[in-house]
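Protein chains in written order, with our numbering: chain A, 1328 to 1986; chain B, 3 to 183.
Every residue, glycine too, gets a C-beta built ideally from N, C-alpha and C.
This report refers to the structure that appears directly beneath it.
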């Protein structure tokens, strides 16, 4: 018997309409767990670098994490992987809610899609019954709209449906895959789904998921719940309200948005409004939220209420949202929360990423103001500010006129527009990833996370180490008292000594070696979550979460019947990390690509930055180009990667070449 | 003839649907608690509590399984409460022929909430413990009422089989299987 996992994947060839249920190799679970780890392995084995995002040979994998559907709180995440149209690299984006657990209960760990259907279809998975069905009557319909109609067509009101909207159908580079309460939004994987002519995957399951050592597993799950209850009553002191609790930042519940609105930048990531948050605005936005928010919601088997049902011109619910998407449209358009929640409803139905879409629209408005785009480029553009954003969104998801250019995101659109437009796509990490934040002094921890993270989107890289020192030493001392999460005592010391100003402040503190360890620790936790399907909100993201490096090995082992201790889990996670990187190295990722946005910090330190990158690469076992060395690959049992690199002439020598 | 009145302890789960966050944790933990070995598997399809859900209508209604009934109701009503439409069946706790809820997916045998009776007994049923949102509260209260027969799980299961196949077939099958044993 297999534990935690089902031991079967569903292989679907849309070109031929072929469906196969394939038993998986247990050894791969032992090497990579599940989710991101096994997805990365399948990509390595089956998708060579010659395959582009819109090739039928590209795979689109919906891979549930190893612990999805078990009683451990928040294990509900599905990692969607494909070659991203935005980056041309191995992209992964994840979603929570109910789709993953339903798939596991139907008897599958992953759905692996290949080929391209000759007409628009959807996939219906109901235990052993799997069927490709016509979706031509859903063409152009919204994500939630089509999901609801599919449920009605199937007579299955409780089926979980992941679907794309117009944006995905039209291969918008930042198209999302929406699932009602959650979405896989980053890196345009919805466009790949659209390219494959796959409108949706509906799933419903009624089979068992087995736990290897039930008593041990349930004890750990109960302890986590008690801890969550305790933390609910005892928020962390000394940090802003949205970071004081667990889960993702509680922006559906917390009305105080002083921090985001005054520290993040407005428009096309230009303007910081330091005195924005007045009593009047707080009153206005609170009343908007309380009018439109109908209920706080959770994902599968999770007590955190990160999401909310939002009603736009209906009494009940027109869509669900969570976290910072509350503000991204509002701030891009210099508007208010009422506008933000309204346009987000349209955007969710069209299926676009709530980070990149508003930034791309603000970029277009700025180009218009600068005269690089003109009225002729935008015939019919309404005169009012909010109207322009609705108009642009519509053009983008339909790829009409200027929308066809903007649909490729700011990086590619700027290249296409020319005339100096590239200066306006100023806000990207690794060329294409949006980051609406401008700060003064370089922070070495964030510098490394921006440069080297392959997940894209900073909130999914950062985590357990505080973003900045607290205002007093006493608060810092209080914070480290019950900080059991750290790998060892040095981490506490680094935080205790960290100061807002003076000798031990950014950019020179934490010192380079400490910075490497802190970044590595935070990243490692995310890689664990992305393989187990545990939500970052109870593990890698918030301060002092219920799950951490010291209790996860036994939880994973008890659930899946493995024998992992802490060093074992660290080693395995390092293997997954390097396999993700190997996929991208093979696709051409090198040191020169690993850059933060040019103007993210006012004060830059080229020498320090180069040393940080050098030392971090060394720490990771990568050479000067950021390529895992032969030694690293062999240590991790990735001999086959080393051999492939050698055959392709990719140098894995310690020093690396200058190129 | 009136039946004798008797004082008894009534165990109940008080449901505050307004507080439900729709996470289905109650379904997960119920199925895990009742699995063999205990907590050895999860499967909401085997759960004795269900969340009736319709996200776009903002309906989240936890309902826990009651008695088995062989016949479905004659006629169905629909309730509108605060503008939301509910089928009468949404509130009904019966395991009945009209729907899949509260039936073992393999055998179709009826499922019934037993308040997680176990030895040693729990302070509260597991679904209540698992619901940090506070939608489920366990109460015990004393009531005076007619003495009622309680139907054991095995009896209810056999009755369901008899309804499906007829008593003769059930008796034959039991005889056949017990001989093999």
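Chain A within 8 Å of residue i, Cβ atoms only
i, result
"residue 184 of chain B", "Residue numbering for chain B in the displayed model covers 3 to 183; residue 184 of chain B lies beyond these limits and cannot be assessed."
"residue 15 of chain B", "no"
"residue 136 of chain B", "no"
"residue 92 of chain B", "no"
"residue 101 of chain B", "no"
"residue 83 of chain B", "no"
"residue 141 of chain B", "no"
"residue 25 of chain B", "yes"
"residue 105 of chain B", "no"
"residue 19 of chain B", "no"
"residue 34 of chain B", "yes"
Reference residue i; option with closest CA among the options
i, options, result
"residue 1280 of chain A", "A:1561, A:1387, A:1378 and A:1497", "Nothing can be reported for residue 1280 of chain A: it is not among the residues displayed for chain A, which extend from 1328 to 1986."
"residue 1600 of chain A", "A:1588, A:1484 and A:1607", "A:1588"
"residue 80 of chain B", "B:94, B:68, B:71 and B:69", "B:94"
"residue 1892 of chain A", "A:1442, A:1584, A:1880 and A:1898", "A:1880"
"residue 1682 of chain A", "A:1593, A:1711 and A:1713", "A:1593"
"residue 1570 of chain A", "A:1790, A:1963, A:1904 and A:1810", "A:1790"
"residue 136 of chain B", "B:7, B:16 and B:6", "B:16"
"residue 1856 of chain A", "A:1846, A:1847 and A:1868", "A:1868"
"residue 1718 of chain A", "A:1406, A:1535, A:1546 and A:1688", "A:1688"
"residue 1550 of chain A", "A:1878, A:1835 and A:1492", "A:1878"
"residue 1332 of chain A", "A:1729, A:1858, A:1875 and A:1920", "A:1858"
"residue 1379 of chain A", "A:1522, A:1397, A:1348 and A:1344", "A:1522"
"residue 1422 of chain A", "A:1357, A:1503 and A:1699", "A:1503"
Cβ distance (whole Å) where residue i is taken to contact residue j below 8 Å
i, j, result
"residue 1337 of chain A", "residue 1439 of chain A", "7 Å"
"residue 1850 of chain A", "residue 1788 of chain A", "6 Å"
"residue 61 of chain B", "residue 88 of chain B", "7 Å"
"residue 64 of chain B", "residue 1533 of chain A", "Not a contact, Cβ separation roughly 19 Å."
"residue 1826 of chain A", "residue 1832 of chain A", "5 Å"
"residue 1469 of chain A", "residue 1676 of chain A", "3 Å"
8 Å Cβ cut-off: residues of chain B touching residue i
i, result
"residue 1621 of chain A", "60"
"residue 1507 of chain A", "57"
"residue 1576 of chain A", "The contacting residues do not exist; residue 1576 of chain A stays about 17 Å from chain B at best."
"residue 1475 of chain A", "58"
"residue 1536 of chain A", "43, 44 and 45"
"residue 1636 of chain A", "57 and 60"
"residue 1652 of chain A", "Within chain B, no residue comes near residue 1652 of chain A; the closest Cβ sits about 18 Å away, beyond 8 Å."
Chain B within 8 Å of residue i, Cβ atoms only
i, result
"residue 1950 of chain A", "no"
"residue 1627 of chain A", "yes"
"residue 1862 of chain A", "no"
"residue 1642 of chain A", "yes"
"residue 1381 of chain A", "no"
"residue 1945 of chain A", "no"
"residue 1556 of chain A", "yes"
"residue 1484 of chain A", "yes"
"residue 1544 of chain A", "yes"
"residue 1632 of chain A", "yes"
"residue 1624 of chain A", "yes"
Neighbouring residues, chain B, relative to residue i (Cβ below 7 Å)
i, result
"residue 1541 of chain A", "39, 40, 41 and 42"
"residue 1358 of chain A", "Chain B residues near residue 1358 of chain A: none, gap ~25 Å exceeds 7 Å."
Cβ-Cβ distance between residue i and residue j below 8 Å
i, j, result
"residue 1652 of chain A", "residue 1638 of chain A", "no"
"residue 57 of chain B", "residue 1644 of chain A", "yes"
"residue 1321 of chain A", "residue 1527 of chain A", "Outside the displayed span of chain A (1328 to 1986) sits residue 1321 of chain A, for which this structure offers no information."
"residue 1453 of chain A", "residue 1531 of chain A", "yes"
"residue 1537 of chain A", "residue 43 of chain B", "yes"
"residue 1404 of chain A", "residue 1434 of chain A", "no"
"residue 1577 of chain A", "residue 1514 of chain A", "no"
"residue 1723 of chain A", "residue 1733 of chain A", "yes"
"residue 1805 of chain A", "residue 1560 of chain A", "no"
"residue 25 of chain B", "residue 1629 of chain A", "yes"
"residue 1837 of chain A", "residue 1909 of chain A", "no"
"residue 1939 of chain A", "residue 1774 of chain A", "yes"
"residue 1448 of chain A", "residue 1436 of chain A", "no"
Partner residues on chain A for residue i, Cβ-Cβ distance less than 8 Å
i, result
"residue 51 of chain B", "Within chain A, no residue comes near residue 51 of chain B; the closest Cβ sits about 13 Å away, beyond 8 Å."
Neighbour list for residue i in chain B, Cβ cutoff strictly below 9 Å
i, result
"residue 1736 of chain A", "Neighbours of residue 1736 of chain A on chain B: none; closest Cβ ~31 Å, over 9 Å."
"residue 1432 of chain A", "44, 45, 46 and 47"
Contact list for residue i against chain A, beta-carbon separation under 9 Å
i, result
"residue 147 of chain B", "In chain order: nothing, as chain A lies at least about 35 Å away."
"residue 30 of chain B", "1396, 1397, 1398, 1428, 1627 and 1628"
"residue 169 of chain B", "Result: empty, since nearest Cβ-Cβ is about 29 Å, beyond 9 Å."
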